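Order-wise, the sequence lines are chains A and H.
Counting in my numbering, the first sequence runs from -13 upward without gaps.
Counting in my numbering, the second sequence runs from 11 upward without gaps.
Built from N, CA and C at the ideal position, the CB exists for glycine as well.
From a predicted model like this one, the values you see are computed outputs, not experimental measurements.
Accompanying notes for the structure given below.
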Amino acid sequence: MKRIYAWQRDLLLSLVRLVAGAYPVCHVPRAGETQQIYFSNHTSHIDTLAILAALPRSLRDSVRPVAARDYWNANALKRHIAQKLLNVVLIDRRREGDGDPLDPVRDALTKGHSVIIFPEGTRGTDALPQGFKSGLFHLASEFPGIALTPVYLENLQRIMPKGAIWPIPLICKVHFGAGEALRATDDKSAFLTRMRDAIVALAPSACSD
Amino acid sequence: MPELFWKLIAGVAGFLAVATVTGAILAARPNGKSATIVNLNERIRAWWGMVAVMAIAIGLGETATYVVFALLSFLTLREFITLTPTTPSDHSTLFLAFFVAVPVQYILLGINWYGMYSIFVPVHLFFAMSLVSALTQDTRDFLSRNARINWALMVCVYGLSHAAALLTLDIPGYRGQNALLLFYFLLVVQISDVLQYVVGKLFGKRKIAPVLSPSKTVEGFVGGGALATLCGAALCRITPFGFGAALGMSFAIVLAGFIGGLVLSAVKRSLGAKDWGSMLAGHGGMLDRVDSICFAAPVFFHLVRFIYV
């Protein structure tokens, strides 16, 4: 990545820290620089930025958020941020033509990049995630060697509730959990439920269900 | 900036250096891994950072001081609102609190409009924010939701900004030295907190309000408070006050600061937390360190203004 874009990215992420705090909370020691699929609950527009801001600077070049093309293609600024600064893996939310929406993610993983995905597929309004879509299951079965790291974003749903235009500043925490993997005994729905539970387990007790 | 200011900063740095060496010696002893000593050393390290930020801000002049205090208000307000339960309908009100209340209050200080900054939060914003909140038509817990936000603003914006407002006072015979007055105020408040903590740890037996704060003791308050008041009186040369007046002023600061700590502990407990945050290692949150400033600043500011301006 060009140095000027790396600076712009770090400036943007510093701004995110000023507004949202985005303090990392590691429930287990960090896995270091190994390739990971980070999967997280999704409650606001700045979730992606919050996770990146909470990761060590050395990882920011190789961790790529997966996000919807229709959102990040909406204007020049968003395009700039998505393509030049964050190296976003853009996917089509609606299946158009014959391509599988997950193909760009497969590409990124094959190249050795880590990715951040939101398995709910859309933003929720509650602190805890809704049911997961099957993308995570497909990736886990096709790339069994890559660790699946659950991430719980605490408080972000308060920063920008649905319909809000501007964020309000609050201290958010980004909880990183222990690596998960697909087990031989898992069928699709059991696996997806187990992954959702892995995120819920990271939530502070006050908001567990 | 008066040379005296930098001499005082050097004095504080020397004091911290002694504390750092003492902390290192304590940590090297066999029982040096105890929680109290680890916490003590964390606190001393954080003090270096806080003193450096304040010295640079005040040293750079009024504008830099206002900017740093505005940032302090912003960060403490963020801690306060994070712990306070809010609902999505509070969003617009909170937006006003962060992005209108904080900058406008400090701009009013910057242009030295006393008649406005002294009532902006409790009068103008009180009405404006209540209106914005009413227009959302969410009547659930309306009163308590708005009371919380107004409380947060009074503490984090109104209270804190009155420390920086000391720079605006035009005291005859003391022109150009207001930075020393701000330094004096911050020093007395903080040294009072430190001495009450230390004396309480050494001799504390009777707790003043065990439900609110297990670390506040009668012995700590009386002993630490008296020592801090004497410190304040001894520093009368850097103030516009004589020895007796400085004694009275520092006593007022100590008392108001103590009340601030106690009241904000009650608020904190009611929100179910032990610390306001985790920004300052060993101290807790930012608001854990400046709670006494928030209450003592308006009291000291108005005392000085009433008697000396």
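Would you check whether the ligand ATP has a heavy atom nearer than 8 Å to the C-beta of residue i?
i	result
R80 (chain A)	The ligand ATP is not among the ligands present in this structure, which contains no ligands whatsoever.
For residue i and residue j, I'd like the C-alpha separation in whole angstroms.
i	j	result
G98 (chain A)	Q21 (chain A)	7 Å
L188 (chain A)	S26 (chain A)	11 Å
K64 (chain A)	L41 (chain A)	21 Å
F177 (chain A)	V74 (chain A)	26 Å
A150 (chain A)	T29 (chain A)	12 Å
P87 (chain A)	D148 (chain H)	41 Å
S194 (chain A)	F316 (chain H)	Only weak support exists for where S194 (chain A) lies, its pLDDT of 39 falling under 50; the value from the coordinates is given anyway. Going by the C-alpha atoms only, they are around 53 Å apart.
V232 (chain H)	S100 (chain A)	58 Å
P115 (chain A)	C304 (chain H)	39 Å
P12 (chain H)	T249 (chain H)	13 Å
H66 (chain A)	V2 (chain A)	17 Å
F25 (chain H)	A266 (chain H)	25 Å
V209 (chain H)	F253 (chain H)	25 Å
D172 (chain A)	G107 (chain A)	21 Å
A54 (chain A)	I(-10) (chain A)	25 Å
W161 (chain H)	R150 (chain H)	18 Å
A184 (chain A)	K70 (chain A)	32 Å
L(-2) (chain A)	L93 (chain H)	25 Å
A65 (chain H)	G59 (chain H)	10 Å
R180 (chain A)	A113 (chain A)	18 Å
H124 (chain A)	L45 (chain A)	25 Å
P15 (chain A)	E89 (chain H)	27 Å
A67 (chain H)	V110 (chain H)	23 Å
I263 (chain H)	L142 (chain A)	39 Å
G85 (chain A)	R79 (chain A)	12 Å
K119 (chain A)	Q(-6) (chain A)	33 Å
G69 (chain H)	L139 (chain A)	40 Å
G117 (chain A)	G110 (chain A)	10 Å
I201 (chain H)	W58 (chain A)	52 Å
R92 (chain A)	L168 (chain A)	17 Å
A256 (chain H)	G242 (chain H)	6 Å
Apart from the five residues on each side of it in sequence, which residues of its chain come closer than 6 Å, Cβ to Cβ, to residue i?
i	result
I47 (chain H)	L36 and A37
M126 (chain H)	L118
F213 (chain H)	E229
In chain order, what residues of the same chain lie with their CB nearer than 7 Å to the CB of residue i, ignoring the 5 residues before and after it?
i	result
D165 (chain A)	Checking the sequence shown, residue 165 (chain A) turns out to be Gly, not Asp. Contacts found: A17, A133, L134 and T135.
D47 (chain A)	M(-13)
S140 (chain H)	N156
E72 (chain H)	L177
Any beta-carbon of chain H closer than 9 Å to the one on residue i?
i	result
P147 (chain A)	yes
G7 (chain A)	yes
L114 (chain A)	no
P15 (chain A)	no
A40 (chain A)	no
P190 (chain A)	no
A150 (chain A)	yes
R144 (chain A)	yes
N141 (chain A)	yes
P87 (chain A)	no
I132 (chain A)	no
I(-10) (chain A)	no
I67 (chain A)	no
L156 (chain A)	yes
L178 (chain A)	no
C193 (chain A)	The pLDDT assigned to C193 (chain A) is 45, lower than 50, so where the model puts this residue is not dependable; a value taken from the coordinates is nonetheless given after this. Taking Cβ atoms only, chain H never reaches closer than 9 Å to C193 (chain A), which makes this a no.
Quick check on residue i - is its C-beta less than 9 Å from some C-beta in chain A?
i	result
F79 (chain H)	no
T96 (chain H)	yes
G287 (chain H)	yes
T86 (chain H)	no
T149 (chain H)	no
L104 (chain H)	yes
F152 (chain H)	no
T146 (chain H)	no
E89 (chain H)	yes
Would you say residue i lies against chain C (beta-carbon separation less than 9 Å)?
i	result
I121 (chain H)	The chain inventory of the structure shown lacks chain C, comprising the protein chains A and H.
Can you name, in chain order, every residue of its own chain whose Cβ lies under 8 Å from the Cβ of residue i, other than the five neighbours on each side?
i	result
P224 (chain H)	K217
I145 (chain A)	V5, A6, S30, I32, P153, I154, P155, L156 and C158
L170 (chain H)	F79, L82, S83, T86, V300, I303, C304 and A307
K174 (chain A)	S120 and F123
- Item | Ordered list of beta strand (DSSP E) runs contained in the segment 218 to 249 of chain H, each at least 3 residues | The beta strand (DSSP E) runs of length 3 or more contained entirely in the segment 218 to 249 of chain H do not exist; there are none.
- Task: Please list the segments of the alpha helix (DSSP H) lying wholly inside the segment 103 to 147 of chain H, counting only runs of 4 or more residues, in order along the chain.
- Result: As far as the segment 103 to 147 of chain H is concerned, its whole alpha helix (DSSP H) runs of at least 4 residues are 112 to 120, 124 to 127 and 136 to 145.
- Item | Inter-stretch contact at 8 Å, needing at least 3 Cβ pairs: the segment 183 to 190 of chain H / the segment 110 to 118 of chain H | Between the segment 183 to 190 of chain H and the segment 110 to 118 of chain H, the count of Cβ pairs shorter than 8 Å is below three; the stretches do not touch.
- Item | Three CB pairs or more closer than 8 Å across the segment 93 to 110 of chain H and the segment 141 to 157 of chain H | A contact between stretches requires three or more CB pairs, one per stretch, nearer than 8 Å, and the segment 93 to 110 of chain H meets this requirement with the segment 141 to 157 of chain H.
- Just checking, does the segment 79 to 93 of chain H make contact with the segment 160 to 170 of chain H on the three C-beta pairs under 8 Å criterion? Verdict: yes, contact present.
- Item | Three-pair Cβ contact test at 8 Å for the segment 141 to 155 of chain A versus the segment -11 to 9 of chain A | Yes, the segment 141 to 155 of chain A is in contact with the segment -11 to 9 of chain A.
- Task: Spell out a yes or no on whether the segment 50 to 67 of chain H and the segment 130 to 137 of chain H are touching, meaning 3 or more CB-CB pairs, one atom from each, closer than 8 Å.
- Result: No contact exists between the segment 50 to 67 of chain H and the segment 130 to 137 of chain H.
- Let me know the beta strand (DSSP E) ranges lying completely inside the segment 17 to 80 of chain A, each 3 residues or longer, listed in chain order. Counting whole runs of 3 or more residues, the segment 17 to 80 of chain A contains the beta strand (DSSP E) stretches 22 to 26, 49 to 54 and 75 to 77.
- Item | Any beta strand (DSSP E) of 3 or more consecutive residues that is wholly inside the segment 89 to 147 of chain A | 100 to 103 and 133 to 140, all fully within the segment 89 to 147 of chain A.
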